[in-house]
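J.: Just dropping this structure here.
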Amino acid sequence: MTTRSAASPEYDAIIVGARCAGAATAMLLARRGVRVLAIDRGNYGSDTVSTHALMRAGVLQLSRWGVLDGIKAAGTPVVRSTSFHYADNVVTVPIKPQNGADGLYAPRRTVIDRLLVDAARRAGAEIEFGTQVVDLVRADNGRVSGVRLKDRHDRERQVSAELVIGADGVRSTVARLTGAECYRTGRHATGVVFSYWSDTGLDGYHWYYRPDVSAGSIQTNDGLACVFASVPQRRFHETMRQGTDAGYRQVLMECDSGLADVVERSKRVEKYRGFSGELGFFRQSFGPGWALVGDAGYFKDPLTAHGITDAFIDAELLAHAAGQGTEAAFADYQSARDKLALAHFEVTDEVASFDWDLPKVQQLHRALSEEMKKESLAVTNFEKTPGVFLPMT
Ligand SMILES: Cc1cc2nc3c(=O)[nH]c(=O)nc-3n(C[C@H](O)[C@H](O)[C@H](O)COP(=O)(O)OP(=O)(O)OC[C@H]3O[C@@H](n4cnc5c(N)ncnc54)[C@H](O)[C@@H]3O)c2cc1C
């Protein structure tokens, strides 16, 4: 149930969720002088169920925000190549330095999410962990004017703000409480299991494809490789019924026996984490007194490893809209996001369908590559002309 507030706003913006979308938005808003409170029900620097390969546009933004140095200082290795393994045909793409980014990076979420929180705090944002949103507060005219929060001791309090931003992921509470509708959904989802392996000898990004299976290896912190095994959602539970370890190894063996051998010879240093799949969507992402950013507003299947990069782009677009504060600016936020994301969303959905043969998936990857070039250009364009963040064609 929604409660009412008569108090004047304590914050310009309250952000629900303080990971890659929420913490980045908090940082960007605080740098604009906005009074920000971000809250998260989780812990500072904790892990989450996500692999973490960043794409070019994400790295460019981290570089521009001054966060990339922290990622390097945390020992995150630079990724200088991406290899696509289409059965036995391997296509390796070198990653050239560009605009202050010497390559790609795949920092653990314990690294990147923490660094973004630190940067937001340095910019003046208040960030509180162990606190969840349980309700929205509305003014007499129905406009969202704050949140009801509950801490770990079940103590509740009400906090007011001009703008409440839901950066609270796929199952966003803010989206549910505002009634934000999905206006486009994907048709296909994949299930994935991943873990971390030492001494694999694998550098960079490796993506593997065969009919009905996919896998990948992502070079990350502490000399580890994050190796994932992915299948269409329809066969996820059946494949994993034999036990996660056996199901995971079976998928790797089906996909690429070389990768399966690497894992066989390596040491697993963490537990398996699994995700049984979720259809992608675009949600209405603004309304009176509220907005959504990151997965809360737009989600696509993780098989194309792009959600963190999306979250950064959305954060930048939303911070700009919030700086203007008009309804038109928020509408522009949503349409600019969709313009950048739509083709990527559709191609990802096709990849996630597993309804392809190897030449077809190769063609889909070329289409993704073109979209990522546009996206990088847009991110660079935004740096030169703040406020102009439309894909240049
Ligand atoms: C298996 C898997 C693999 C992936 N691999 C990649 C990859 O390689 N590369 C990539 O770029 N992307 C990847 N993604 C996508 C990426 O994880 C997401 O796009 C990204 O996490 C979105 O960030 P976010 O900040 O919007 O949401 P989240 O990371 O989901 O953060 C939401 C935060 O909100 C908090 N929260 C939720 N509800 C409340 C509440 N009521 N009150 C307070 N706090 C709340 C949560 O505690 C959480 O910390 C993957 C996703 C999955 C599932």
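The opening residue of the sequence shown carries number 3 in the numbering used here; numbering runs sequentially from there.
For glycine and all other residues, C-beta sits at the position ideal for the given N, C-alpha and C.
Predicted model, so just to flag it, every value in this text is computed and none were measured.
1. Give me the Cα-Cα distance between Ala380 and Ala55, rounded to the nearest whole angstrom.
2. Rounded to the nearest angstrom, what separates Leu294 and Ser52 at their Cα positions?
3. Where Asn383 and Val69 are concerned, what is the direct C-alpha to C-alpha distance, given to the nearest angstrom?
4. Whole-angstrom Cβ separation of Tyr274 and Asp247, contact assumed at under 8 Å?
5. Which runs of the alpha helix (DSSP H) spanning at least 4 residues fall entirely within the region 42–110, listed in chain order?
6. Rounded to whole angstroms, how far is the Cβ of Arg243 from the Cβ of Val265, which I believe are closer than 8 Å?
7. Cα separation between Gly168 and Glu272?
8. Thinking C-beta only, is Thr187 closer than 7 Å to Phe283?
9. Please specify which runs of the beta strand (DSSP E), each continuous and at least 3 residues long, are wholly inside the region 204–284, giving them in chain order.
10. Can you give me the start and stop residues for the alpha helix (DSSP H) that Ala177 sits inside?
11. From Leu261 to Leu360, what distance separates their C-alpha atoms?
12. Could you check which residue in Val61, Cys184 and Glu318 has the C-alpha nearest to that of Ala338?
13. Pick helix, strand or coil for Gly24, following the three-state DSSP scheme.
14. Do Phe230 and Phe196 have their C-beta atoms closer together than 7 Å?
15. Would you identify the three-state DSSP class for Gln336, choosing helix, strand or coil?
16. Roughly how many angstroms separate the alpha carbons of Glu164 and Pro11, rounded to a whole number?
17. Quick check on the burial criterion: 16 or more other C-beta atoms within 10 angstroms. Buried or exposed for Ser147?
18. For ligand 1, is there a heavy atom less than 6 Å away from the beta-carbon of Pro109?
19. What are the start and end residues of the beta strand (DSSP E) that includes Asp187?
20. Does any heavy atom of ligand 1 sit closer than 6 Å to the C-beta of Pro397?
21. At the level of alpha carbons, what is the spacing between Ala217 and Trp209?
22. How many angstroms separate the CA atom of Met57 from the CA atom of Leu39?
23. When the Cα atoms are used, what is the spatial distance from Thr241 to Asp214?
24. With DSSP as the reference, identify every bridge partner of Lys152, one or two as the case may be.
T.: The answer reads as follows:
1. Rounded to whole angstroms, the separation of the alpha carbons of Ala55 and Ala380 is 20 Å.
2. Rounded to whole angstroms, Leu294 to Ser52 spans 20 Å at the Cα level.
3. In a straight line, the C-alpha of Asn383 is about 19 Å away from that of Val69.
4. Confirmed, about 7 Å.
5. Runs of alpha helix (DSSP H) with 4 or more residues, each lying fully within the region 42–110, are found at 58–67 and 70–75, listed in chain order.
6. Contact doesn't hold; Cβ gap of about 20 Å is too wide.
7. Gly168 and Glu272 have their C-alpha atoms spaced approximately 31 Å apart.
8. Yes.
9. If we require 3 residues or more, the beta strand (DSSP E) runs fully inside the region 204–284 come out as 207–212, 215–221, 226–234 and 275–277.
10. Element bounds for Ala177: Thr175 to Thr180.
11. If you take the alpha carbons of Leu261 and Leu360, they lie about 18 Å apart.
12. Closest by alpha carbon: Glu318.
13. In the structure shown, Gly24 sits in a helix (DSSP, three-state: H, G or I).
14. In this structure, Phe196 lies closer than 7 Å to Phe230 by Cβ.
15. Three-state DSSP puts Gln336 in a helix.
16. Cα to Cα, Glu164 sits roughly 6 Å from Pro11.
17. With 16 or more Cβ atoms within 10 Å of its Cβ, Ser147 is classed as buried.
18. No.
19. Here residue 187 is Thr; the residue named in the question, Asp, does not match the sequence. DSSP places Thr187 inside the beta strand (DSSP E), whose first and last residues are Cys184 to Thr187.
20. Limits of the chain in this structure are 3 at one end and 395 at the other, which puts residue 397 out of reach.
21. Straight-line Cα distance between these residues: approximately 6 Å.
22. Looking at the two C-alpha atoms, the distance is approximately 29 Å.
23. So the alpha carbons of these two residues sit roughly 12 Å apart.
24. For Lys152, the beta-bridge partners assigned by DSSP are Gln134 and Glu158.
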